[in-house]
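K.L.:
Read in order, the letters of the sequence shown are residues 51 to 696 in the working numbering. The beta-carbon is built from N, C-alpha and C at its ideal position, and this holds for glycine as well.
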Amino acid sequence: MADTLCYKILRDHLVEGKLEKGSPVSIRIDQTLTQDATGTMAYLQFEAIGEDRVRNELAVSYVDHNTVQVGFENFDDHEYLRTVAAKKGVVYSKAGNGICHQVQLERFALPGKTLIGSDSHTPTQGGIGEIAIGAGGLDVALAMAGIPFQIICPRVIGIRLKGKLRPGVSAKDVILKVLERYGVKGNVNSAFEYFGDGVSTLTVAERATICNMGAECGVTFSIFPSDSNTYEFLKAHDREDGWRELKADEGAEYDDVYEIDLSCLEPLIAAPHSPGNIKTVRELEGMHVNQILIGSCTNSSYQDLRKVAMILDGKRVDPAVSFGIAPGSREVLEMIASDGTLEILVKAGARILESACGFCIGNHQSPGTDGVSLRTNNRNFEGRSGTKSAQVYLVSPEVAAYSALFGVLKSPLGNVPYSEIALPSHYMHDDNMLIFPPDDPSGVTILRGPNIGQPPKCEPLKDSYSGKAAIKVGDKITTDHIMPAGARLKYRSNIKAYSEFVFEGVDKSFSSRAAALRDEGKAVFIIAGSSYGQGSSREHAAICPSFLGLKAVIAKSIERIHQANLCNFGILPLLFEKEDDYTLIEEGDDLELDNVFSSLESGKFKLIDKTKGKTVLLKLFASDEQKKMLKAGGRLNEIRGKQCQK
Ligand code: MIC
Ligand code: SF4
């Protein structure tokens with residue numbers, strides 16, 4: 051049978067299950083990554099499982115999200131992460147070494163491998179031909195313990211690329227085109243596989259940009275073939291030993307095929323407040339801009355910054371624009387520092403920012419009131435920048451740089467001073483900021499400052515719950531809505547403190563209301579529209595509401611990673627049998643869920659809305675494996691239970 055590339059790699063890693071679209075399979079995970087904001091919880095849970103050392107091929111712990119270090123909390127986190135990594139056999143990438151996905155691509159990713167990471171943009175590594183999947187921290191902790199990872203075999207959407215991008219049009223425009231076609235919801239349990247003649251015209255960095263934002267469509271992963279460009283990239287990083295050619299079999303069939311003629315693409319833009327809100331730059335040309343930021347795991351490669359420099363060379367950015375650039379990694383920074391690129395950027399008026407997530411996660415560089423910000427990152431959810439009234443637009447580095455010269459949105463098409471960017475045959479890499487674990491960790495003490503809390507404790511499932519619809523929200527509620535990052539990031543290792551900010555930007559009183567219900571012994575229910583929990587992999591969007599007494603999320607649909615996180619922490623993910631019933635339940639209604647154990651088996655639940663005197667039919671959204679963890683009150687309880695039985 052002719053296989054797609056996705057299924058070839060999945061077949062190589064299959065541990066259990068049938069490789070059939072829609073069925074659950076367990077796969078072996080070769081590599082794992084964590085970042086600091088999700089990592090502390092992942093390692094606390096890894097410790098709780100009781101493992102001495104990681105068992106997978108490679109585990110890397112990055113510090114890139116929260117590097118601002120206002121207050122002691124961040125540094126406490128970093129010290130815990132550094133020492134737990136040394137103890138458990140994990141490579142530690144220090145703050146300043148770069149954004150996890152950029153560094154992983156440069157130093158560790160390999161074609162044909164599998165990776166899971168506690169960050170939703172882990173699929174970036176599909177650019178090198180790796181199956182790379184975003185997951186919650188607990189799933190990553192389990193993969194580090196050598197436990198296979200379960201996914202639903204995806205339907206594979208083939209994206210045929212033909213032609214070649216015109217100068218001024220970017221890899222970012224390819225993925226914005228894909229977002230225009232597939233949107234930000236409805237793509238659960240799918241994968242994007244790129245193929246066709248146009249693939250060979252794209253570099254690994256460009257392919258990584260494209261795979262990165264597949265996460266915005268909600269697909270499980272995205273992947274490119276591994277070809278001679280992949281070989282050149284690895285060789286330029288002295289890693290060609292790990293290269294292998296990979297492509298789909300001749301005649302492989304896709305569940306859907308979308309063709310993009312690269313030569314016909316034009317610069318695109320995602321307008322506020324969703325990466326799926328796609329327009330052409332032409333449509334909005336002339337829009338006044340206050341801030342322009344280049345960087346993030348989507349667009350911070352050496353190639354990206356070279357293009358930016360060529361556009362800015364000898365010119366100055368508009369004086370009214372605040373213009374910042376964050377090179378994606380130490381490697382990119384060293385490269386641009388050594389070849390004159392950095393000088394061009396500085397002379398043009400750029401503020402050079404740390405090689406970290408920074409502005410992308412709202413850690414700094416918040417726009418002013420009602421400010422218009424053009425950014426090269428991947429998410430423009432309302433308030434994510436730190437300024438609720440800001441209008442954030444997502445663009446390519448070329449659009450960002452060219453617009454910076456005028457202070458208004460401008461299309462670079464036909465206006466860039468190059469036809470091709472020459473790539474170096476060798477990249478300077480300096481592994482100084484990577485700390486490899488000692489063979490004998492007996493002398494290592496794990497440091498735990500006061501910010502380092504405990505892994506969450508969840509109660510086993512009960513047969514009935516009586517409580518309230520503590521909040522009712524609409525469609526496309528992101529994990530940023532549920533659990534804000536930015537200024538609140540520093541509480542990631544402290545569940546009790548972080549829980550005070552659940553739904554902060556949506557309804558400030560939610561947290562105290564929910565905690566009061568919990569303290570009265572009542573269950574908290576969340577009522578939601580479609581695509582609940584889209585965006586990030588942060589398991590805190592399940593852990594903190596669980597701490598506040600959440601027992602079930604009742605929604606029209608729930609996104610993949612968030613659904614898995616809910617099950618991992620023993621929260622029932624329930625979907626309306628009839629979507630219209632969403633209108634029936636109001637915030638504050640008294641709700642009751644009975645016969646929970648038998649409903650869990652049958653997958654069919656009856657919710658009684660006591661306020662309305664109505665019964666609403668619900669269906670469980672969980673696999674057989676997940677039913678077991680729900681019963682135990684979460685995955686950690688289930689594992690501990692099994693350990694006790696031994
Ligand atoms: C994001 O881009 O939203 C984040 C911050 O990287 C998250 C992870 C987190 O919340 O720590 C993600 O994408 O998973
Ligand atoms: Fe960091 Fe932004 Fe990428 Fe998330 S999307 S990993 S915050 S750069």
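Assess, as a yes-or-no matter, whether the region 498–510 is touched by the region 629–641 under the definition of 3 or more beta carbon pairs within less than 8 Å.
P.N.:
No, the region 629–641 does not touch the region 498–510.
K.L.:
So, are the CB atoms of Lys329 and Ile319 less than 8 Å apart?
P.N.:
Reading the sequence shown from its first residue, position 279 is the one you call residue 329. Reading the sequence shown from its first residue, position 269 is the one you call residue 319. It is a contact, given that the beta carbons lie within the stated cut-off.
K.L.:
For Leu598, which of helix, strand or coil comes out of DSSP?
P.N.:
Position 548 of the sequence shown, counted from the first residue, corresponds to residue 598. In the structure shown, Leu598 sits in coil (DSSP, three-state: anything other than H, G, I, E or B).
K.L.:
What does the alpha-carbon distance come out to for the pair Val269 and Arg216?
P.N.:
Position 219 of the sequence shown, counted from the start, is the residue given in the question as residue 269. Position 166 of the sequence shown, counted from the start, is the residue given in the question as residue 216. Approximately 28 Å, taken between the alpha carbons.
K.L.:
Taking C-beta to C-beta, are Ser543 and Glu550 nearer than 8 Å?
P.N.:
Here residue 543 refers to the residue found at position 493 when the sequence shown is read from its first residue. Here residue 550 refers to the residue found at position 500 when the sequence shown is read from its first residue. Not closer than 8 Å, so no.
K.L.:
Who pairs with Ala573 in a beta bridge, going by DSSP?
P.N.:
For the purposes of this step, residue 573 is identified with residue 523 of the sequence shown, where counting begins at 1. In the DSSP output, where bridge partners are listed per residue, Ala573 has Gly517.
K.L.:
Taking 7 Å as the line, does the beta carbon of Cys617 fall inside it for any heavy atom of the ligand SF4?
P.N.:
For the purposes of this step, residue 617 is taken as the residue at position 567 of the sequence shown. Every heavy atom of the ligand SF4 is 7 Å or more from the Cβ of Cys617, so no.
K.L.:
May I ask whether a heavy atom of the ligand SF4 can be found less than 7 Å away from the beta carbon of Ser346?
P.N.:
Position 296 of the sequence shown, counted from the start, is the residue given in the question as residue 346. Indeed, a heavy atom of the ligand SF4 lies less than 7 Å from the Cβ.
K.L.:
Rounding to the nearest angstrom, what Cα-Cα distance links Ala265 and Gly233 in this structure?
P.N.:
Counting from one through the sequence shown, the residue named residue 265 turns up at place 215. Counting from one through the sequence shown, the residue named residue 233 turns up at place 183. Answer to the nearest angstrom: the Cα atoms are 11 Å apart.
K.L.:
Any residues whose CB sits closer than 5 Å to a heavy atom of the ligand MIC? List them in chain order?
P.N.:
My final list is Ala87, Thr88, Asp169, Ser170, Ile411, Ser586, Ser587 and Arg588.
K.L.:
Does the distance from the C-beta atom of Gly412 to that of Ala440 stay below 8 Å?
P.N.:
Stepping through the sequence shown from its first residue, residue 412 is reached at position 362. Stepping through the sequence shown from its first residue, residue 440 is reached at position 390. No. Outside cutoff.
K.L.:
Suppose only complete runs of 4+ residues qualify. What are the alpha helix (DSSP H) ranges in the region 60–146, listed by chain order?
P.N.:
Runs found: 86–99 and 123–138.
K.L.:
From which residue to which residue does the alpha helix (DSSP H) around Ala258 run?
P.N.:
Position 208 of the sequence shown, counting from 1, holds the residue named residue 258. Where Ala258 is concerned, the enclosing alpha helix (DSSP H) stretches over Val254 to Asn262.
K.L.:
Note down the Cα distance separating Ile181 from Leu55, rounded to an integer number of angstroms.
P.N.:
Locating residue 181 in the sequence shown gives position 131, counting from the first residue. Locating residue 55 in the sequence shown gives position 5, counting from the first residue. Roughly 10 Å separates the two Cα atoms.
K.L.:
Quick check on the burial criterion: 16 or more other C-beta atoms within 10 angstroms. Buried or exposed for Pro317?
P.N.:
Translated into the one-based positions of the sequence shown, residue 317 becomes position 267. Buried, by the Cβ-count rule.
K.L.:
From the DSSP output, in three-state form, read off Tyr541 for me.
P.N.:
Within the sequence shown, numbered from 1, the residue matching residue 541 stands at position 491. Residue state, collapsed to three classes: helix.
K.L.:
On the CB-based measure, 16 or more other CB atoms within 10 Å of its CB, does Val120 come out buried or exposed?
P.N.:
As a first step, residue 120 is located in the sequence shown; it is residue number 70 there, counting from the start. Exposed, since its Cβ has fewer than 16 Cβ neighbours within 10 Å.
K.L.:
How close, in whole Å, do the beta carbons of Thr90 and Ile611 come, if the pair is a contact with beta carbons under 8 Å?
P.N.:
For the purposes of this step, residue 90 is identified with residue 40 of the sequence shown, where counting begins at 1. For the purposes of this step, residue 611 is identified with residue 561 of the sequence shown, where counting begins at 1. Not confirmed; about 18 Å, so no contact.
K.L.:
Can you check whether the CB of Thr172 is closer than 8 Å to the CB of Val494?
P.N.:
On the sequence shown, residue 494 is found 444 positions in, with the first residue counted as 1. On the sequence shown, residue 172 is found 122 positions in, with the first residue counted as 1. For Val494 and Thr172, no; Cβs fall outside 8 Å.
K.L.:
Do Leu296 and Val249 come within 8 Å of each other at the CB atom, strictly closer than that value?
P.N.:
Numbered from 1 along the sequence shown, position 199 holds the residue referred to as residue 249. Numbered from 1 along the sequence shown, position 246 holds the residue referred to as residue 296. It is not a contact, given that the beta carbons lie outside the stated cut-off.
K.L.:
Counting C-beta neighbours from all protein chains within 10 Å, is the total for Leu624 16 or more, i.e. buried, or is it exposed?
P.N.:
Position 574 of the sequence shown holds residue 624. Classification for Leu624: buried.
K.L.:
Kindly list the residues whose CB is nearer than 7 Å to the CB of Asn327, restricted to its own chain and excluding five residues on each side of it in sequence; keep chain order.
P.N.:
Taking the sequence shown and counting its residues from 1, the one referred to as residue 327 is at position 277. Excluding sequence neighbours, Asn327 sits near Ala320 and Ala321.
K.L.:
What does Arg425 pair with, by DSSP beta-bridge criteria?
P.N.:
Translated into positions along the sequence shown, residue 425 becomes position 375. Per DSSP, Leu343 and Leu444.
K.L.:
I want to check one thing, is the minimum distance from the CB of Asn427 to the heavy atoms of the ligand SF4 below 7 Å?
P.N.:
As a working mapping, residue 427 is identified with position 377 in the sequence shown. Yes, since a heavy atom of the ligand SF4 falls inside the 7 Å radius drawn around the Cβ of Asn427.
K.L.:
Taking C-beta to C-beta, are Ala451 and Val358 nearer than 8 Å?
P.N.:
Position 401 of the sequence shown, counting from 1, holds the residue named residue 451. Position 308 of the sequence shown, counting from 1, holds the residue named residue 358. Going by C-beta atoms, Ala451 is nearer than 8 Å to Val358.
K.L.:
So is the beta-carbon of Cys267 under 7 Å away from any non-hydrogen atom of the ligand SF4?
P.N.:
As a first step, residue 267 must be located in the sequence shown, where it is residue number 217. No - the ligand SF4 has no heavy atom lying nearer than 7 Å to the Cβ of Cys267.
K.L.:
Checking contacts by CB at 8 Å: is Val190 closer than that to chain D?
P.N.:
Looking at the structure shown, chain D is missing, and only one protein chain is on hand.
K.L.:
Using 8 Å for Cβ pairs, my map puts Ile344 next to Pro447. What's the rounded Cβ distance?
P.N.:
Taking the sequence shown and counting its residues from 1, one reaches residue 344 at position 294. Taking the sequence shown and counting its residues from 1, one reaches residue 447 at position 397. Rounded, the Cβ-Cβ distance is 5 Å, consistent with contact.
K.L.:
Give me the residue from Glu230, Tyr582, Val646 and Tyr244 with the minimum Cα distance to Pro510.
P.N.:
By one-based count along the sequence shown, residue 510 stands at place 460. The candidate whose alpha carbon is nearest that of Pro510 is Val646.
K.L.:
Between which two residues does the alpha helix (DSSP H) holding Phe373 run?
P.N.:
Here residue 373 refers to the residue found at position 323 when the sequence shown is read from its first residue. Premise fails: Phe373 lies in the beta strand (DSSP E), Ser372 to Ile375, not in any alpha helix (DSSP H).
K.L.:
Based on Cα-Cα distance, which residue from Thr84, Gly524, Asp674 and Arg429 lies nearest to Gly184?
P.N.:
In the sequence shown, residue 184 corresponds to position 134, counting from 1. Gly184 has its Cα closest to that of Thr84, out of Thr84, Gly524, Asp674 and Arg429.
K.L.:
Measure the alpha-carbon distance for Gly177 versus Gly378 and round it to whole angstroms.
P.N.:
The count along the sequence shown starts at 1 and reaches residue 177 at position 127. The count along the sequence shown starts at 1 and reaches residue 378 at position 328. Rounded to whole angstroms, Gly177 to Gly378 spans 16 Å at the Cα level.
K.L.:
Just mark Ala92 as buried or exposed, buried being the case when its beta carbon has 16 or more other beta carbons within 10 Å.
P.N.:
To locate residue 92, count along the sequence shown from 1; it is residue 42. Its Cβ being crowded by 16 or more others within 10 Å, Ala92 is buried.
K.L.:
In three-state terms, what does DSSP make of Gly218?
P.N.:
In the sequence shown, the residue the question calls residue 218 occupies position 168. DSSP places Gly218 in coil when its eight states are reduced to three.
K.L.:
Assign Ile225 to one of three DSSP states: helix, strand, or coil.
P.N.:
Residue 225 sits at position 175 when you count from the first residue of the sequence shown. Of the three classes helix, strand and coil, the one that applies to Ile225 here is helix, per DSSP.
K.L.:
Residue ranges of each alpha helix (DSSP H) run of no fewer than 4 residues wholly in the region 267–297, ordered along the chain?
P.N.:
DSSP runs (the alpha helix (DSSP H)) wholly in the region 267–297: 278–286.
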